[in-house]
Every structure is written in structure tokens, then in C-alpha cells.
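Q:
There are 2 protein chains.
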Amino acid sequence: MKRHFVTIKDIARELNISVATVSRAMRDTYDVNQETRQLVLKKAQELNYKPNFNATGLVKNSSHNIGVVLPTITNYYFSTVITGIQEVAYKKGYNIVLYITNDSAEREMDILNELSLGNMDGLLVCVSSDSRQNDHFEQIIADGIPIVFFDRVAHDIKASKIMQDDYHGAYQAVEHLIQQGYKKIAHIAGPAGLLFTERRMEGFLAAMKDHRLPVKKEWIIHSGFSRDFGEKDALQLLQSRTRPDAIFAVNDRKAIGAMLALKKKNIRIGKQIGIIGFTNDPMCEIISPSLTTVEEPALEIGRKSCEFLLNHINKKHFQVQELTLPTKLIVRESTMRG
Amino acid sequence: MKRHFVTIKDIARELNISVATVSRAMRDTYDVNQETRQLVLKKAQELNYKPNFNATGLVKNSSHNIGVVLPTITNYYFSTVITGIQEVAYKKGYNIVLYITNDSAEREMDILNELSLGNMDGLLVCVSSDSRQNDHFEQIIADGIPIVFFDRVAHDIKASKIMQDDYHGAYQAVEHLIQQGYKKIAHIAGPAGLLFTERRMEGFLAAMKDHRLPVKKEWIIHSGFSRDFGEKDALQLLQSRTRPDAIFAVNDRKAIGAMLALKKKNIRIGKQIGIIGFTNDPMCEIISPSLTTVEEPALEIGRKSCEFLLNHINKKHFQVQELTLPTKLIVRESTMRG
DNA sequence: AAAGACTTCGAGAACGTTCTCGCTGATATA
DNA sequence: TATATCAGCGAGAACGTTCTCGAAGTCTTT
Numbered sequence: 008m009k010r011h012f013v014t015i016k017d018i019a020r021e022l023n024i025s026v027a028t029v030s031r032a033m034r035d036t037y038d039v040n041q042e043t044r045q046l047v048l049k050k051a052q053e054l055n056y057k058p059n060f061n062a063t064g065l066v067k068n069s070s071h072n073i074g075v076v077l078p079t080i081t082n083y084y085f086s087t088v089i090t091g092i093q094e095v096a097y098k099k100g101y102n103i104v105l106y107i108t109n110d111s112a113e114r115e116m117d118i119l120n121e122l123s124l125g126n127m128d129g130l131l132v133c134v135s136s137d138s139r140q141n142d143h144f145e146q147i148i149a150d151g152i153p154i155v156f157f158d159r160v161a162h163d164i165k166a167s168k169i170m171q172d173d174y175h176g177a178y179q180a181v182e183h184l185i186q187q188g189y190k191k192i193a194h195i196a197g198p199a200g201l202l203f204t205e206r207r208m209e210g211f212l213a214a215m216k217d218h219r220l221p222v223k224k225e226w227i228i229h230s231g232f233s234r235d236f237g238e239k240d241a242l243q244l245l246q247s248r249t250r251p252d253a254i255f256a257v258n259d260r261k262a263i264g265a266m267l268a269l270k271k272k273n274i275r276i277g278k279q280i281g282i283i284g285f286t287n288d289p290m291c292e293i294i295s296p297s298l299t300t301v302e303e304p305a306l307e308i309g310r311k312s313c314e315f316l317l318n319h320i321n322k323k324h325f326q327v328q329e330l331t332l333p334t335k336l337i338v339r340e341s342t343m344r345g
Numbered sequence: 008m009k010r011h012f013v014t015i016k017d018i019a020r021e022l023n024i025s026v027a028t029v030s031r032a033m034r035d036t037y038d039v040n041q042e043t044r045q046l047v048l049k050k051a052q053e054l055n056y057k058p059n060f061n062a063t064g065l066v067k068n069s070s071h072n073i074g075v076v077l078p079t080i081t082n083y084y085f086s087t088v089i090t091g092i093q094e095v096a097y098k099k100g101y102n103i104v105l106y107i108t109n110d111s112a113e114r115e116m117d118i119l120n121e122l123s124l125g126n127m128d129g130l131l132v133c134v135s136s137d138s139r140q141n142d143h144f145e146q147i148i149a150d151g152i153p154i155v156f157f158d159r160v161a162h163d164i165k166a167s168k169i170m171q172d173d174y175h176g177a178y179q180a181v182e183h184l185i186q187q188g189y190k191k192i193a194h195i196a197g198p199a200g201l202l203f204t205e206r207r208m209e210g211f212l213a214a215m216k217d218h219r220l221p222v223k224k225e226w227i228i229h230s231g232f233s234r235d236f237g238e239k240d241a242l243q244l245l246q247s248r249t250r251p252d253a254i255f256a257v258n259d260r261k262a263i264g265a266m267l268a269l270k271k272k273n274i275r276i277g278k279q280i281g282i283i284g285f286t287n288d289p290m291c292e293i294i295s296p297s298l299t300t301v302e303e304p305a306l307e308i309g310r311k312s313c314e315f316l317l318n319h320i321n322k323k324h325f326q327v328q329e330l331t332l333p334t335k336l337i338v339r340e341s342t343m344r345g
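Residue numbers (our numbering), protein chains in the order written: chain A, 8 to 345; chain B, 8 to 345.
1. Are B/N72 and B/N102 closer than 8 angstroms when you measure CB to CB?
2. Quick one: give me the first and last residue of the alpha helix (DSSP H) that A/G2 is part of.
3. Which of the three DSSP states, helix, strand or coil, is assigned to A/E302?
4. Is the shortest distance between the beta-carbon of B/M370 and the beta-carbons of chain A less than 8 angstroms?
5. What separation, rounded to the nearest whole angstrom, lies between the Cα atoms of B/G210 and A/M33?
6. With DSSP collapsed to three states, give me the class of B/N321.
7. Any C-beta of chain A within less than 8 angstroms: which residues of the region 49-64 of chain B qualify?
8. May I have the straight-line CA-CA distance separating B/C133 from A/N82, to the nearest angstrom?
9. With 7 angstroms as the limit, tell me which residues of the region 114-131 of chain B have their beta carbon closer than that to any beta carbon of chain A; keep them in chain order.
10. Would you mind stating whether B/G200 and B/R139 have Cβ atoms separated by less than 8 angstroms?
11. Is the beta carbon of A/D172 less than 8 angstroms from the beta carbon of A/L332?
12. Tell me, please, which residues DSSP counts as bridged to A/F157.
13. Does the beta carbon of A/T43 come closer than 8 angstroms to any beta carbon on chain B?
14. B/S86 CB to nearest chain A CB: under 8 angstroms?
15. Whose Cβ in chain B lies nearer than 8 angstroms to the Cβ of A/I293?
16. Where do the N-terminal and C-terminal ends of the beta strand (DSSP E) with B/T28 fall, by residue?
17. According to the neighbour-count rule (16 or more other Cβ atoms, all chains shown, within 10 Å of its Cβ), is A/Q326 buried or exposed?
18. Closest to A/A253 by CA distance: which of A/I276, A/Q243 and A/P304 is it?
19. So A/I293 packs on B/I294, CB below 8 angstroms; how close in whole Å?
20. Mind checking if A/Q93 is an interface residue toward chain B, Cβ cutoff 8 angstroms exclusive?
21. What does the alpha-carbon distance come out to for the pair A/A177 and A/M208?
22. Terminal residues of the continuous beta strand (DSSP E) containing A/F356?
23. To the nearest angstrom, report how far apart A/V29 and A/Q45 are at their CA atoms.
24. For the region 98-115 of chain A, list every residue whose C-beta sits within 8 angstroms of some C-beta in chain B, in sequence order.
25. Can you have a look at A/N258 and say buried or exposed, based on whether 16 or more other CB atoms are within 10 angstroms of its CB?
26. Give me the Cα-Cα distance between B/D110 and B/S233, rounded to the nearest whole angstrom.
27. Which residues in the same chain as A/T87 place their Cβ atom closer than 6 angstroms to its Cβ, once the five residues preceding and following it in sequence are excluded?
28. From the beta carbon of A/T14, is the nearest beta carbon of chain B less than 8 angstroms away?
29. Check whether the Cβ atoms of B/I283 and B/H183 sit closer than 8 angstroms, and answer yes or no.
30. Just to confirm, is the Cβ distance from A/V155 to A/I164 under 8 angstroms?
31. Distance check for A/K99 and B/I107, CA to CA, integer angstroms please.
32. Using the Cα positions of B/L267 and B/K57, report the straight-line distance between them to the nearest angstrom.
33. Spatial neighbours of A/L5 within its chain, please: CB distance less than 6 angstroms, with the 5 preceding and 5 following residues excluded, ordered by chain position.
34. Starting from B/Y106, trace the alpha helix (DSSP H) both ways and give me its first and last residue.
35. Give a yes or no on whether the minimum CB-CB distance between B/I89 and chain A is below 8 angstroms.
36. Going by beta carbon distance, what residues of the same chain come within less than 8 angstroms of A/E21, once the five residues before and after it are set aside?
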């Protein structure tokens, strides 16, 4: 249990020099003799010295921890984003510590009021789908803790934001459907109130309008993000007076749910009803027919978010900035009429 | 950039009491008057005081951080394990900080020699598939940092280990194939040298032996864990002199790779060749035909690992212990001959 | 009334670093 | 020779807590 650590003092004692000099040597400041420096480094190695981050953090007033607050990690998009975050954080010597909200606004609140959060150098957050109030973020920002939002961003908060190009991705998706000859296009969307959901909706509507296609209210359904909701939404669409001949889903999971539901009803995906998703989850290639989708730059979003945050943390002055990364249409079988 | 924090001293000054008393009040020790305690708590709330973990950590010699070292997080099993870990860690006030090895022994070494690791209160690790040398773990253990291994454990290390019941899971899987009438059963395994791979192999061999079925060398293939390897292995099996009529894959991803390859060759899964996987990845339900598999208790493994580690960290004396959690056969279409 | 026990609190050291200031001795400048 | 410059280093404070020790006051016991 009790472990004893080698400190800078031990090195100083063994070398008969002051702790100040050892500290200088470790940090390679200008005012230390290179010879003594080598001596110190050698001795440090020999004693297996590891710096104590609590001590450095205490004087420098930083923890080298950045908090990542997100709804879940058990899906392709989020786990990939985290991988990107971790990659750049690790390189710069920062730890990332995870906070999972389970997509619950209540839990999100709890987490943001958490003690430990105050000890983060900065925060990367993707808001939960049912959080409407944003006061808790305001509070954190007021406390002076840098925040970068990614993917699902809070509307009204003045903070840096990184998203994929949801509008154009959606536009391109719908245009692809239209080019394939589908005309009666439905959209199964996410919960209302989330910016990226709205942007995809706008892209959908714009593409329909530009191609002079009618949009029926009953072809637009708002619900949750999971596969189950995709199934339900698809079944609901089948009930509508005029049945759509294509579905644009807000994400791949819902698209896959819809496919599963339609397959059960013996509807031939592509031929009878075309389907397109969003994300490019590996599942797209596994399901049959394979799912056409819009690829999101998840890894890059993770990397860039973290880079932004580290800039915010280390720069004296930082501008709030927004970044939109491009998406890419990936055509597969689910939108093939042939 | 510069943020000013409310400290215990501020509270003491405003209340005209000593820092020691404030500290006592915050920790609710026995030797503090309940009235003054309430006063302190009220003032703390009022000033929005947040304890500084660097300071407490420095005197208590702990960081309340536990490191999680694992190959990747972008798959179902690992992301679920992490969710379990995070769940209990959060409850106990510990942060989890992620280290991703990308399944490379070299990177694993780098990470374990990392400075920041020395500042973890404990480690949860799942070794990378190509790591043979375990000296770096010995070193950490010698440093007195508690370690718990999960899933992929290092053979020879004396440390606590948590795994699913790979042997019986495999046995049950193969027995299920046999009961379905398959006789020529192949096993596409993981890389040799990993304990759980070997255990699944043993389960496979035992079931075959108990049912007096022959095992051909060419029906056993060792390779990587990814879908690509599953495809390759399946194609290789098709080349063998006597073609197997069923495949037991070491995990779902390989099983799915194999299915995809066989489907491309117009082989009817189930009828001509039965396939069973391991993990119960959500993809099993998505692919067609759906994939029979052995469910792993991923969430529970995450939870238990973390509980073990926290015990190790907080108990004065701890016994190294090993825990094996049960698996569960989940029958779907890929092993239906009818 | 004296002694003991208990409650409540303060002073100050300690944790392992970094940082500021100033000192020493050597070298360069006048 | 006297003075300025500079390289290299040490002493000690500071960061925000906890912890140990002891003191003051109150209450109980005899």
C-alpha cells in the first residue's frame, strides 16, 4: 500500500546540490550548467525518479487533465471521436478523463456540478439530447474553464464549436436520392432542439425545394437516435396515406433500424424504398443490402476539438471559433433501384 | 487564461477562523462544532468553493486517477467494458484516464514507461495482442502501483485478473454446433500466446474430443482479431482438402468477416456452413442471417475490474485474486440447418 | 475547590515542486 | 585597477491542503 517515491530532494541530497538546481536541470532552463544537468539526469534515471504531478500542478495551477463529457461511448462515432481526442492529448502530455451522461440531461447537470470538474484544465463536451437548459455551461465558462463543444453543440453558448457539415451532408444525401429517381422522400430525424439535427433537416428541406419536390408533414418524424426508434419510425411511415419511396435517416443506427423493419415486411430495400443514413458506421457494410451513407470525419473531429481546447488552455488570448469539417457521400446498395 | 480560485484560506479569513478548522469542517471530522461547520459549508457554497485536488493529492499522496490501458475503444466489447469501469469509478469519485495502445506492444511499452503513469493510483490493463515480454508490468508492480488485468491477461504476472469463462463458453459453442448436426468443425482463432485465445481453443478441443469428433490441423487457423482476418481465414478454409461444415470463430468480428466471405462465394450460411462467434456484438443481429454467438459479460467485467482495483488501492492488505464470469449462448440463424 | 476529561480550535509543519531574489566568482570592459 | 556583466547556483517563500500538537474553555467528578 504505502509506496515511497523518489523526489527531487533525494537527487539533490545524493548530488550535494540544491533542489532548485535539480529542478532547473529537469526543466533544462538557461541558467544551469550542462555538466551538472547531465549529472542530475543520470541520477534521476538511476533512482527511477518520476515527477509528482500534484506538486507541479499545485504551483502551476493546472492538472493536465481535460474532461470529456459525452452521451455514450458504445457506438462507432463517439468511440472514434474519443480515439482522436486521446491521440492528440497523449502527444501533448494531457490525460483525458471520461464523463458519460447516458444522454440524460439530469446526469449531465450532476456531472457539471461535480467537484472534480473544477480541477480540469478544460472541457470537451457533446451535450445530451434532452438538455435544454444551458445555465450549467454558462457557470463553467464564467469560472474561466475553457470549453470546446463538438458534434452536438449548445445553441446559445458563446464557446468554440466543432461540427461536421451537417447541412451540406444532408443536402448531398437527399440530392443523391433524387438523382437515383426517388421522389417521395421521408426524413426520420433526431429529437428536435439539437443543432445538428436541425441542420440536417434544413439540408433535407433545401434539397427537396431546389428540386421542386413536395415535402409532406407526415414524412418527417422526430424521435430518438437509437435503432429501435428507426424501426418504429419506418413502420409509422408505412402507415402514411402516401407511402414514401425513400428514407433519409438522421444517422446510420436509425437507418439500420428502418431497414430491419422494412425487411421484415418484405419490402425490397433500394428497389421499393431507398434508404440513406449518416455517419458511416462499420455496420453499413455488414448489413445487406449495404447502406449508403454520409461519412462523418469522426477521428478528425476528435483531433481538432482537442487541438482547439489545448490552444484555449495555453494561449493567453483566445478567440472563440467555430469549425465545420466536410462530409463525404458513400454510395452503396441501399439506394440502388436497379 | 488566469483564473482565480476560492481556497480554504478565503473561507477562513471571511469567517475569522483558522484554515485548520475550515479543513476540518469540510471533512466533517469529530472535533468540529456542528454550528461552525454549518457556517463554513454555507460560506463555501456562497463563494463557490471547489477543493483543489492537487493540494489534497499532494498531502494524501494520491491522484484519484486510475489509468485504463487497452488496445482500442472502437469496438463493442471494449467500449462496453469502459462504460462499466467508468460507472463505478465515477461513483467512488475516481477519474479514469485512457491510454490506447492500438494493439501495439511497442506503444504499450511507451505508455507504461510514461511519466504520467506513475501518478495513477492504480491501473486497469488489457494487454496488446503482440506483447510477449512482460517486464514492464513487473516494473510497475514493483513500484507498488496496483494493477488489475482484464480480458487479455498476462500469463505469468502475479496480479489480479478478471476474465469471462472462455473455456466453457467455447465448449458450449462447439457443443451447440455438434447438437445442430455439424461434424467437421473448424476454429478460426486469435493470435497464439494470448490466454483467452488459448482457453477458447481448449474449450473447442475438449468439446470435439468429448463428442469423439476428429480435429484436423488445417481446420485451425491463428490470425488477427479483425474482420479482414476472418474473411481471409474463411477463404483459406474453403481451400482445405476436406471442407469444414461449421466454423467457430474466436470473436464476432472474425465470424462476420467469415460470413461475408462465404456469402460472396454463394455459400448458404447455416445450411451449408454453420457459423458461431463470441462476444454478442450488436452486429450479430444486423447481419443476415443473424449470427449465433456466446455473450460476454462486458459491462460486468468493467464494473468488477474497477471494484477490484479500488479495493486494492484502499485496503491495507490485499490478496491477488482471479475472477471468471459466466458467458451465455445466444442462438440465432447462422447455426440453423433447417 | 481541585483535578480530570472532553470539546473545540489555532499554529505551524509537511507534501514536492517552481519561482524570485540575491550571492559568488569569473570574465570582459574602461 | 576598478567596475560592469554574466554564468551558475542556493535559500527560502509559495501553491492549497492535511496533520500533529497543544492550548483554552467547559463540564464532570471527587
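C-beta atoms are modelled at their ideal positions from N, C-alpha and C, and glycine is treated no differently.
As the structure is a prediction and not an experimental result, all values here were calculated from the model.
A: Let me spell this out:
1. Yes, these two residues count as a Cβ contact at 8 angstroms.
2. Missing from the structure shown is residue 2 of chain A; chain A here goes from 8 to 345 and no further.
3. Strand.
4. The question about residue 370 of chain B has no answer here: the residues shown for chain B are numbered 8 through 345.
5. Straight-line Cα distance between these residues: approximately 53 angstroms.
6. In this structure, B/N321 counts as helix in the three-state DSSP scheme.
7. Identification of residues in the region 49-64 of chain B having a C-beta nearer than 8 angstroms to some C-beta of chain A yields N55, K57, P58, N59, F60, N61, A62 and G64, given in sequence order.
8. Across the structure, B/C133 and A/N82 are spaced so that their CA atoms are roughly 20 angstroms apart.
9. Those would be L122, S123, G125 and N126, in chain order.
10. In terms of Cβ geometry, B/G200 and B/R139 form a close pair [threshold 8 angstroms].
11. Yes, Cβ-Cβ distance for A/D172 and A/L332 is below 8 angstroms.
12. According to DSSP, A/F157 bridges with A/I169.
13. Answer no: the Cβ-Cβ gap between A/T43 and chain B never drops below 8 angstroms.
14. Yes, because at least one Cβ of chain A sits closer than 8 angstroms to the Cβ of B/S86.
15. For A/I293, the neighbours in chain B by C-beta distance under 8 angstroms run, in chain order, I263, L267, M290, I293 and I294.
16. Taken as a continuous stretch (DSSP letters only), B/T28 belongs to no beta strand (DSSP E), being part of the alpha helix (DSSP H) at V26 to R34.
17. Around the C-beta of A/Q326, fewer than 16 other C-beta atoms lie within 10 Å, and the residue is accordingly described as exposed.
18. Taking each of A/I276, A/Q243 and A/P304 in turn and checking the Cα distance to A/A253, the smallest one comes out for A/I276.
19. Rounded, the Cβ-Cβ distance is 5 angstroms, consistent with contact.
20. Output row for A/Q93: interface = yes.
21. Their Cα atoms are separated by approximately 7 angstroms.
22. The structure shown does not extend to residue 356 of chain A, since chain A spans only 8 to 345, so no value can be given for it.
23. Straight-line Cα distance between these residues: approximately 10 angstroms.
24. Those residues of the region 98-115 of chain A that come within reach of chain B (Cβ to Cβ, closer than 8 angstroms) are G100, N102, I103, V104, L105, Y106 and I107.
25. So A/N258 counts as buried.
26. Taking the straight line joining both Cα atoms gives about 11 angstroms.
27. Same-chain partners within the cutoff: A305 and L306.
28. Nearest CB-CB separation between A/T14 and chain B: not below the 8 angstroms threshold.
29. Cβ distance < 8 angstroms, so B/I283 and B/H183 count as in contact.
30. No, Cβ-Cβ distance for A/V155 and A/I164 is not below 8 angstroms.
31. For B/I107 and A/K99, the distance between alpha carbons rounds to 15 angstroms.
32. Distance between the alpha carbons of B/L267 and B/K57 is about 54 angstroms.
33. Examination of residue 5 of chain A is not possible in this model, given that chain A is present from 8 through 345 alone.
34. Residue range N102 to I107 is occupied by the beta strand (DSSP E) that includes B/Y106, with no alpha helix (DSSP H) assigned at that position.
35. Interface criterion met: the Cβ of B/I89 is under 8 angstroms from a Cβ in chain A.
36. Cβ neighbours of A/E21 beyond the five flanking positions: K50 and L54.
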